[in-house]
Amino acid sequence: MFDEIRFNRVDNLPKYVFAEINDIKAQMKKDGQDVIDFSMGNPDQDTPEHIVDALVDSARTPGTHGYSPSQGIPEVLDAIASWYKDRYGVNLDTKTQTVATIGSKDGYSHLAYAVTNPGDVAVVPTPTYPIHTYSFILAGGAVEDLKIKFDENYNVDEDDFFDKLTHIFDTAHVKPKYVLVNFPHNPTSATVTPNFYKRLVAMAKERRFYIISDIAYGDISFGGYKTPSIMEVEGALDVAVESFTVSKSYNMAGWRIGFFVGNKKLIGALVKLKSWLDYGMFTPIQKATVEALTGDQTCVDEITGRYNHRQDVLIEEFAKIGWNIKKNKASMFSWAKIPDCVQEMGTLEFCKRLLEQEAVAMSPGVGFGDDGEGYVRIALIQDDARMEDAAQRIGRFLENNCKEEN
34 MFDEIRFNRV DNLPKYVFAE INDIKAQMKK DGQDVIDFSM GNPDQDTPEH IVDALVDSAR
94 TPGTHGYSPS QGIPEVLDAI ASWYKDRYGV NLDTKTQTVA TIGSKDGYSH LAYAVTNPGD
154 VAVVPTPTYP IHTYSFILAG GAVEDLKIKF DENYNVDEDD FFDKLTHIFD TAHVKPKYVL
214 VNFPHNPTSA TVTPNFYKRL VAMAKERRFY IISDIAYGDI SFGGYKTPSI MEVEGALDVA
274 VESFTVSKSY NMAGWRIGFF VGNKKLIGAL VKLKSWLDYG MFTPIQKATV EALTGDQTCV
334 DEITGRYNHR QDVLIEEFAK IGWNIKKNKA SMFSWAKIPD CVQEMGTLEF CKRLLEQEAV
394 AMSPGVGFGD DGEGYVRIAL IQDDARMEDA AQRIGRFLEN NCKEEN
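Positions in the sequence shown are counted from 1; adding 33 to them yields the working numbering.
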């Protein structure tokens, strides 16, 4: 009925590549099959007890069950500012330079909607976490891809990045208004140095564009590497905003809370839009986030250590079946080139067959854009025994399917 009525914004979205994997996976689990799932960055451990206790205490406190300010309660905004001061030595005005969001994904869609005019262009490095691209497209903007180049140790070639970015600005029919960066990078786990942000801030001031930085995996780093923040750069508050989420380093993915900090104009636009769209998050969740950001940080070290260990186990077990993966310095993922003998399948077909034949789920690189083809993203959300089991299953899969391909 009413076939003539169309929903262009939704109809124009491409098919969500991960949906195919998710549908197969859901049916297999429903049928009782034992699926080893590496496909989503969904922490498998519980939220630390002291954070849960803060939620419970707040939920039992009278007056905490009504609407809350859409920008965030004052305590959580103070905690965000304190977290930045402690981590990065950055001073923020909580009233004008901080905002809590219902997860970072929701925050990106709202920010893009707030600041994008029809036809505005954003530069987004590829491969990319889909919301980084489609937040702008859904808001009526356009996206210019910038393929990132990195070495075998996942260090971004920063000169190459800026050469490509300069070329985009020199040749663009419509000058980009925004440049989005996401390091540690999702999906590749590639990382940058502090100098990268110094160069980017300087270029933003020269070329007159805003920077949107995502450091969702900023706490999860190994081997002495520390994730830099663009906010550490002098003058960054003039041209940049940055997002973080408590989902990963505090195991709070289902709680749906993150935040943006930075440039007053962009933060103000997001706050104004949120005042029309939502009433803020449940106050006890925000109170628990205060505890997460300002309380005992031992849990962050433990969670980071667990991902570091799991990456080592993954590399060791997969090497036994001839799938060699290099270790990265940050994030909760491994970005792995699929074995040569199955490259012709393409990553979507590889992931579908692996799931159907051996009940191992991974994210196909093509789901993060064409530049992700040939790779898979492996979330480090399984324990040692499960990773050993997965390696054995994959080894069997490669034996069978490499023969078929040859």
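All C-beta atoms, glycine included, are put in the ideal place defined by N, C-alpha and C.
* How about Thr97 and Pro317: are their beta carbons less than 8 angstroms apart? -> Closer than 8 angstroms, so yes.
* To do: Tell me, to the nearest whole angstrom, how far the beta carbon of Ile414 is from that of Ala369; I am working on the premise that it is less than 8 angstroms.
  => That belief does not hold up - the Cβ atoms of Ile414 and Ala369 are roughly 15 angstroms apart, past 8 angstroms.
* Range covered by the beta strand (DSSP E) that runs through Val274 -> Residues 273-278.
* To do: Following the continuous beta strand (DSSP E) through Trp368, name the residue where it begins and the one where it ends.
  => Where Trp368 is concerned, the enclosing beta strand (DSSP E) starts and stops at 366-370.
* Using the rule of at least 16 other Cβ atoms within 10 Å of the residue's Cβ for burial, across every protein chain shown, is Glu267 buried or exposed? -> Exposed.
* Does DSSP classify Thr134 as helix, strand or coil? -> Of the three classes helix, strand and coil, the one that applies to Thr134 here is strand, per DSSP.
* Asked: In three-state DSSP terms, what is Ala59?
  -> In the structure shown, Ala59 adopts helical secondary structure according to DSSP, grouped into three states.
* Asked: If you pair each beta-carbon of the segment 110-126 with each one of the segment 143-160, do three or more pairs fall below 8 angstroms?
  -> No, the segment 110-126 does not touch the segment 143-160.
* Which whole-angstrom value describes the C-beta separation of Tyr340 and Thr380, a residue pair presumed to lie in contact below a C-beta threshold of 8 angstroms? -> Their Cβ separation, rounded to whole angstroms, is 23 angstroms, which puts Tyr340 and Thr380 out of contact at 8 angstroms.
* Asked: Taking Glu53 as the reference, which of Ala418, Thr204, Pro397 has the closest Cα?
  -> Sorting Ala418, Thr204, Pro397 by C-alpha distance to the C-alpha of Glu53 places Pro397 at the top.
* Integer-rounded CB distance, given that Tyr243 should sit under 8 angstroms from Ala237 -> Confirmed, about 7 angstroms.
* Asked: Leu431: which of Glu191, Gln390, Ile170 sits nearest, CA to CA?
  -> Of the listed residues, the one whose Cα sits closest to Leu431 is Gln390.
* Of the residues Val323, Val109, Lys298, Arg429, which one's Cα is nearest the Cα of Ala87? -> Selection Val323, Val109, Lys298, Arg429 evaluated against Ala87 yields Val323 as nearest (Cα-Cα).
* Out of curiosity, what's the CA-to-CA distance linking Pro47 and Trp309? -> Spanning the alpha carbons of Pro47 and Trp309 requires a straight line of approximately 29 angstroms.
* Rank Phe255, Val207, His200, Leu198 by C-alpha distance to the C-alpha of Ser222 and give the top, closest one. => Shortest Cα-Cα distance from Ser222 to any of Phe255, Val207, His200, Leu198 involves Phe255.
* Taking the alpha-carbon positions, what's the Glu438 to Asn186 distance? -> Confidence at Glu438 is low in this model, with a pLDDT of 45, below 50, so its placement is unreliable and no value can be given for it.
* Over the uninterrupted beta strand (DSSP E) stretch that includes Pro158, give me the two end residues. => Here the beta strand (DSSP E) through Pro158 covers 154-159.
* Asked: Nearest-angstrom Cα distance between Ala269 and His165?
  -> Roughly 20 angstroms between the two C-alpha positions.
* Could you give the residue range of the beta strand (DSSP E) that holds Tyr243? -> Its beta strand (DSSP E) spans residues 243-247.
* Three CB pairs or more closer than 8 angstroms across the segment 300-309 and the segment 57-75 -> Too few Cβ pairs lie closer than 8 angstroms, so no.
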